[in-house]
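Residue numbers (the working numbering), protein chains in the order written: chain A, 10 to 201; chain B, 62 to 357.
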């Protein structure tokens, strides 16, 4: 048995115990996903690389704080990735490196990788399913999800920008996320 | 941060759409509260779908940079080689060379077939032992992590238990006092009515004859958000004198010990309004309870 044969919880436990090869195995398994999340938000390869570095540094330092009650290790890692990417996006927005535009992130994504046709096909299929599910959301829910997730606005900023109460934004986010999950399932965590 | 506040912020947490301090506070809460972590899971799963499908490859050079930065950031740790007792590489290499030389000599006597068979068996056993060691290390590391988490949960439970014991002891004291007063033959009782803002609420004010202190018992008031309290006012003409603040439990019940600066017989009535948590100097919120006091 090698490190790459271990399950995510075992790998994360070994990372928490300071085992370097476990971090390497985790990187091999998840670098692509983390990079994808970061690129989707930042649209910049250099910035996405920076996020990948910060995420695995955080995993190395914070693996001890992970518990199974928080969902799968993949879910935990992805939420760290998105949070770091949003942080960087907000910093870049403050210094005028990127502009908050109308939400149309999916159309802006570059085509999936040509190096690995299988991965590319899976990515394309996921993207198609997401696109279809988003069309089934109430437009007001879709708008708040895209403004927060892809443009890095806080819920308060969304309320100000749309001129609606904060409570309404919270409700739309909650309903939108639960609808997405019911349409698409929890499967993102199982498809590494 | 309390569970109710955290659960209100969970959807925005899942999208990282909170202010940084809020996000950190929710994240810290989720590390120690399994119930809220469970609430967060479907929201996080929904959010993760939004990242679907870019399918881009990170550049190969990135791996080296990431590992170098991460490993350089950690305090020095014992290496796997030291932990497992595997000797340094040059010793291993030397030992392997000697073993190989011996095997070759042995093979010259017993035949090449025998040598190949032994080498294969040895390699297979070494592979199995290494695999078992790795699995054991993973198991040990997971158990250590669980032990740490359990210790933290137990400490939290202990502190909550201490708080509950203290609250229970306060309640028993109040109830004893209430029972003692209720049994007094000359106890005065005044009924308190809910207003149109709280039509299902009612209560009573009980006091000994001298009216120096009184107990207000109310039922049917709505539990308030953390930023608000119920405030008691004593009425004398146009004056509204602050009588203190209280909150109700989840069932809408409260008992409140009223200790006015003057005897209650100096006042014409009692009012209860909803006010900010720090209390107000005069009534500002909706009136929920009212009673007329009989002046002596």
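C-beta atoms are modelled at their ideal positions from N, C-alpha and C, and glycine is treated no differently.
Inset, instruction - Examine chain B for any beta-carbon lying closer than 7 angstroms to the beta-carbon of residue 58 (chain A), and answer yes or no. - result: Residue 58 (chain A) counts as touching chain B.
Inset, instruction - Enumerate in chain order the residues of its own chain whose CB-to-CB distance from residue 120 (chain A) is below 6 angstroms, with the five nearest sequence positions on each side excluded. - result: Unreliable placement is indicated for residue 120 (chain A), whose pLDDT of 47 sits below 50; the coordinate value is still reported in the next sentence. Answer for residue 120 (chain A): no residue qualifies.
Inset, instruction - Taking only beta carbons into account, state which residues of the segment 68 to 83 of chain B come closer than 9 angstroms to chain A, listed in chain order. - result: Cβ contacts with chain A come from 69, 70, 71, 72, 73, 74, 75, 76, 77, 78, 79, 80, 81, 83.
Inset, instruction - Answer with buried or exposed for residue 157 (chain A), where buried requires no fewer than 16 other C-beta atoms within 10 angstroms of its C-beta. - result: Around the Cβ of residue 157 (chain A), a 10 Å sphere holds 16 or more other Cβ atoms; the residue is buried.
Inset, instruction - Could you pull the start and end residues of the alpha helix (DSSP H) that residue 107 (chain B) belongs to? - result: 95 to 110 is the extent of the alpha helix (DSSP H) around residue 107 (chain B).
Legend entry - Contact the segment 170 to 186 of chain A vs the segment 85 to 99 of chain B: 3+ CB pairs below 8 angstroms: The segment 170 to 186 of chain A makes no contact with the segment 85 to 99 of chain B; the number of CB pairs closer than 8 angstroms stays below 3.
Legend entry - Interface residues of the segment 86 to 104 of chain B facing chain A [CB-CB below 8 angstroms]: If the cut-off is 8 angstroms between Cβ atoms, the segment 86 to 104 of chain B has 91, 92, 95, 98, 99, 101, 102, 103, 104 near chain A.
Legend entry - C-beta contact flag for residue 69 (chain A) and residue 131 (chain B) at 7 angstroms: Result yes, Cβ atoms of residue 69 (chain A) and residue 131 (chain B) sit closer than 7 angstroms.
Legend entry - Distance, residue 73 (chain A) Cα to residue 205 (chain B) Cα: So the two alpha carbons sit approximately 10 angstroms from each other.
Inset, instruction - Examine chain B for any beta-carbon lying closer than 7 angstroms to the beta-carbon of residue 183 (chain A), and answer yes or no. - result: Yes, contact with chain B.
Inset, instruction - Starting from residue 41 (chain A), find everything on chain B with Cβ-Cβ shorter than 7 angstroms and list it in chain order. - result: Simply 118, 119.
Inset, instruction - Using a Cβ cut-off of 7 angstroms (strictly closer), state whether residue 203 (chain B) contacts chain A. - result: It does; some Cβ of chain A falls within 7 angstroms.
Legend entry - Any chain D beta carbon closer than 7 angstroms to residue 127 (chain B): In the structure shown, chain D does not exist; the protein chains are A and B.
Inset, instruction - Look at the alpha carbon of residue 94 (chain A) and the alpha carbon of residue 221 (chain B), and state the distance between them as a whole number of angstroms. - result: Taking the Cα positions, residue 94 (chain A) is about 37 angstroms away from residue 221 (chain B).
Inset, instruction - Could you tell me which residues DSSP puts in a beta bridge with residue 255 (chain B)? - result: Paired residues: B:350.
Legend entry - Proximity test, Cβ basis, 7 angstroms: residue 95 (chain A) and chain B: Chain B contact via Cβ: present.
Legend entry - 7 angstroms Cβ cutoff, residue 55 (chain A) in contact with chain B: Taking Cβ atoms only, chain B never reaches closer than 7 angstroms to residue 55 (chain A), which makes this a no.
Inset, instruction - Could you tell me whether any Cβ in chain B is nearer than 7 angstroms to the Cβ of residue 195 (chain A)? - result: Closer than 7 angstroms to some Cβ of chain B, the Cβ of residue 195 (chain A) qualifies, so yes.
Legend entry - Backbone CA spacing between residue 71 (chain B) and residue 331 (chain B) [nearest angstrom]: The alpha-carbon of residue 71 (chain B) is positioned some 41 angstroms away from that of residue 331 (chain B).
Inset, instruction - Select from A:37, A:136, A:180 the residue whose C-alpha is nearest the C-alpha of residue 150 (chain A). - result: From the listed residues A:37, A:136, A:180, the smallest Cα separation to residue 150 (chain A) is found for A:180.
Legend entry - As assigned by DSSP and simplified to three states, the class of residue 11 (chain A): In the structure shown, residue 11 (chain A) falls within a coil segment according to DSSP collapsed to helix, strand and coil.
Legend entry - Interface positions of the segment 190 to 217 of chain B facing chain A (Cβ-Cβ less than 7 angstroms), listed along the chain: When CB distances to chain A are screened at a threshold of 7 angstroms, the residues of the segment 190 to 217 of chain B falling below it are 192, 195, 196, 198, 199, 202, 203, 205, 206, 209, 210, in chain order.
Inset, instruction - Tell me the start and end of each unbroken beta strand (DSSP E) in the segment 297 to 328 of chain B that is at least 3 residues and wholly inside, in chain order. - result: Taking 3 residues as the minimum length, the beta strand (DSSP E) runs contained wholly in the segment 297 to 328 of chain B are 300 to 307, 315 to 319, in order along the chain.
Inset, instruction - From the DSSP output, in three-state form, read off residue 89 (chain A) for me. - result: In the structure shown, residue 89 (chain A) sits in a helix (DSSP, three-state: H, G or I).
Inset, instruction - Classify residue 252 (chain B) as buried or exposed, calling it buried when 16 or more other Cβ atoms lie within 10 Å of its own Cβ. - result: Residue 252 (chain B) sits exposed, since fewer than 16 C-beta atoms from the chains shown fall within 10 Å of its C-beta.
Legend entry - chain B residues whose Cβ lies nearer than 9 angstroms to that of residue 33 (chain A): Under the 9 angstroms cutoff, chain B gives 124, 128.
Inset, instruction - Have a look at residue 78 (chain B) and residue 168 (chain A) and give me their C-alpha separation to the nearest angstrom. - result: Cα to Cα, residue 78 (chain B) sits roughly 11 angstroms from residue 168 (chain A).
Legend entry - Bridge-paired residues (DSSP) for residue 295 (chain B): In the DSSP output, where bridge partners are listed per residue, residue 295 (chain B) has B:302, B:331.
Inset, instruction - Out of B:219, B:341, B:268, state which residue places its alpha-carbon closest to the alpha-carbon of residue 307 (chain B). - result: Selection B:219, B:341, B:268 evaluated against residue 307 (chain B) yields B:341 as nearest (Cα-Cα).
Legend entry - Pairwise C-alpha distance: residue 101 (chain A) and residue 182 (chain A): So the alpha carbons of these two residues sit roughly 24 angstroms apart.
Inset, instruction - Put residue 276 (chain B) into one of helix, strand or coil per three-state DSSP. - result: When DSSP states are grouped into helix, strand and coil, residue 276 (chain B) belongs to the strand group.
Inset, instruction - Out of B:316, B:301, B:305, point me to the one whose CA is closest to residue 277 (chain B)'s CA. - result: Taking residue 277 (chain B) as reference, the option from B:316, B:301, B:305 with the minimal CA-CA separation is B:316.
Inset, instruction - Step through the CB atoms of chain B and report whether any lies within less than 7 angstroms of the CB of residue 147 (chain A). - result: No, because no Cβ of chain B sits closer than 7 angstroms to the Cβ of residue 147 (chain A).
Legend entry - Within the segment 45 to 74 of chain A, ranges of the alpha helix (DSSP H) (whole runs, at least 4 residues): For the segment 45 to 74 of chain A, whole alpha helix (DSSP H) runs of length 4 or above, ordered along the chain, are 54 to 71.
Inset, instruction - Give the single residue among A:17, A:77, A:14, A:96 whose Cα lies nearest to the Cα of residue 50 (chain A). - result: Residue A:96 is the option with its Cα nearest to residue 50 (chain A).
Legend entry - Residue-level contact to chain A via CB, residue 337 (chain B), 7 angstroms cutoff: Using beta-carbon distances, residue 337 (chain B) does not count as an interface residue toward chain A, since no partner is under 7 angstroms.
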